[in-house]
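What follows is a single structure, written as structure tokens, with notes after it.
Residue numbers (the working numbering): 843 to 1101.
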């Protein structure tokens, strides 16, 4: 039994500008990074949309509207014809600026199908937009390891002017820093705090241990505090939150328990 139009709606926040997010709808490489190898899109009215999922399922449609960097509309369906054929439904993606981030609004409209067909896509879009958030964040924060290393080096930089410049390049002015010995808001508060740490712990420097771990703008990095003799004086993990511009907006340090 068929019915009228059934709609599926979902909104998510992506930690990137609308211009950055929209590139993933106009570039084959980025589109395929989201959907799967072999996927492609021609971002013009009448252009072909091809999606090849990692499990081999293929979908296709046509671009209906493009208004960069705010809106793209395309038809969507499966080459197998099940549960809907190619181009048999309509996907609208709208981007809304939210500070430095982007609020993505998705609407998937199904015409002349049972509500069950729409419901079968609810988890699919929840999952696909989760993947999308990660793919965009991975590109925005491709230099996360370099930024983290610069953060640790800055804590040991003896020259005040060089230290200030180093932090300004990698951290937002409103940076928040927390650990067992810190409750700091803003670079203006962090800089004298770091200077004091050097005064009371002379010669201590921080060094990253292992690879950083990144998920949607949140980065974990293990570290060791080394003395002048290069022997460990402590270990821990930092949790960094990166902003849409790739700079650190928050850092929280966890010292490891002595063993």
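Ideal placement from N, C-alpha and C gives every residue a C-beta, glycine not left out.
Determine whether the beta carbon atoms of residue 1022 and residue 1097 lie at a separation below 8 Å. Walking along the chain shown from the start, residue 1022 turns up at place 180. Walking along the chain shown from the start, residue 1097 turns up at place 255. Yes, the pair counts as a contact, with Cβ atoms nearer than the cut-off.
Specify whether the stretch 1080-1098 and the stretch 854-862 touch according to this definition: at least 3 beta carbon pairs, one from each stretch, less than 8 Å apart. Contact between the stretch 1080-1098 and the stretch 854-862 is present, because at least three Cβ pairs lie under 8 Å.
Going by Cα to Cα distance, which pick from 950, 981, 957 is closest to residue 968? As a first step, residue 968 must be located in the chain shown, where it is residue number 126. Minimum Cα distance to residue 968 is reached at 950.
Between residue 946 and residue 936, what straight-line distance do the alpha-carbon atoms span, to the nearest angstrom? As a first step, residue 946 is located in the chain shown; it is residue number 104 there, counting from the start. As a first step, residue 936 is located in the chain shown; it is residue number 94 there, counting from the start. Going by the C-alpha atoms only, they are around 6 Å apart.
Pairing CB atoms from the stretch 974-989 with CB atoms from the stretch 882-900, are three or more of them under 8 Å? Because the criterion of three Cβ pairs below 8 Å is not met, the stretch 974-989 and the stretch 882-900 do not touch.
Compute the Euclidean distance between the alpha carbons of residue 1011 and residue 1036, then round it to the nearest angstrom. Indexing the chain shown from 1 puts residue 1011 at position 169. Indexing the chain shown from 1 puts residue 1036 at position 194. Distance between the alpha carbons of residue 1011 and residue 1036 is about 16 Å.
Please report how far the alpha carbon of residue 924 lies from the alpha carbon of residue 905, in whole angstroms. The residue labelled residue 924 in the question sits at position 82 within the chain shown. The residue labelled residue 905 in the question sits at position 63 within the chain shown. When only Cα atoms are considered, residue 924 and residue 905 end up about 21 Å apart.
Can you tell which of 921, 993, 920, 891 has the C-alpha that lies nearest to the C-alpha of residue 908? Start at 1 with the first residue of the chain shown, and residue 908 comes out as number 66. That would be 891, whose Cα lies nearest to the Cα of residue 908.
Suppose the cutoff is 6 Å on Cβ atoms and the five residues either side in sequence are ignored; what does the same chain contact list for residue 989 look like? Locating residue 989 in the chain shown gives position 147, counting from the first residue. Within the same chain, and ignoring the five residues on either side of residue 989 in sequence, the residues whose Cβ sits closer than 6 Å to its Cβ are 1012.
Do residue 928 and residue 919 come within 8 Å of each other at the CB atom, strictly closer than that value? Counted from its first residue, the chain shown places residue 919 at position 77. Counted from its first residue, the chain shown places residue 928 at position 86. Contact annotation: residue 919 and residue 928 have beta-carbon atoms nearer than 8 Å.
In the DSSP assignment, the alpha helix (DSSP H) including residue 972 goes from what residue to what residue? What you label residue 972 is simply residue 130 of the chain shown in a count that begins at 1. Note, residue 972: alpha helix (DSSP H), 964-982.
Residue burial classification, residue 849 (beta-carbon count within 10 angstroms, cutoff 16): For this step, residue 849 is matched to residue 7 along the chain shown. In the assembly as shown, residue 849 is an exposed residue. Its beta-carbon has fewer than 16 other beta-carbons within 10 Å.
Taking only the alpha-carbon atoms, compute the straight-line gap between residue 1062 and residue 991 and give it to the nearest angstrom. Residue 1062 sits at position 220 when you count from the first residue of the chain shown. Residue 991 sits at position 149 when you count from the first residue of the chain shown. Whole-angstrom Cα-Cα distance: 12 Å.
Option nearest residue 877 by Cα separation, candidates 1072, 957, 938, 966: What you label residue 877 is simply residue 35 of the chain shown in a count that begins at 1. Per the C-alpha coordinates, the member of 1072, 957, 938, 966 positioned closest to residue 877 is 966.
Quickly, what does DSSP pair residue 918 with across the bridge? List them, please. Taking the first residue of the chain shown as 1, we reach residue 918 at position 76. Its beta-bridge partners are 931.
For residue 894, which residues of its own chain have a beta-carbon under 6 Å away from its beta-carbon, when the five flanking residues on both sides are left out? In the chain shown, the residue the question calls residue 894 occupies position 52. For residue 894, same chain residues with a beta-carbon under 6 Å away, outside a window of 5 residues either side, are 878, 880, 881, 900 in chain order.
Over the uninterrupted beta strand (DSSP E) stretch that includes residue 1016, give me the two end residues. Taking the first residue of the chain shown as position 1, residue 1016 is located at position 174. That run of the beta strand (DSSP E) goes 1013-1021.
Since residue 1050 and residue 1065 are thought to touch, with beta carbons under 8 Å apart, how far apart are those beta carbons, to the nearest angstrom? Locating residue 1050 in the chain shown gives position 208, where the first residue counts as 1. Locating residue 1065 in the chain shown gives position 223, where the first residue counts as 1. 6 Å between Cβ atoms; contact.
Which residues does DSSP pair with residue 1046 in a beta bridge? If you number the chain shown from 1, residue 1046 lands on position 204. Bridge pairing for residue 1046: absent [DSSP].
Going by the CB atoms, is the gap between residue 864 and residue 873 shorter than 8 Å? Counting from one through the chain shown, the residue named residue 873 turns up at place 31. Counting from one through the chain shown, the residue named residue 864 turns up at place 22. Cβ atoms of residue 873 and residue 864: not closer than 8 Å.
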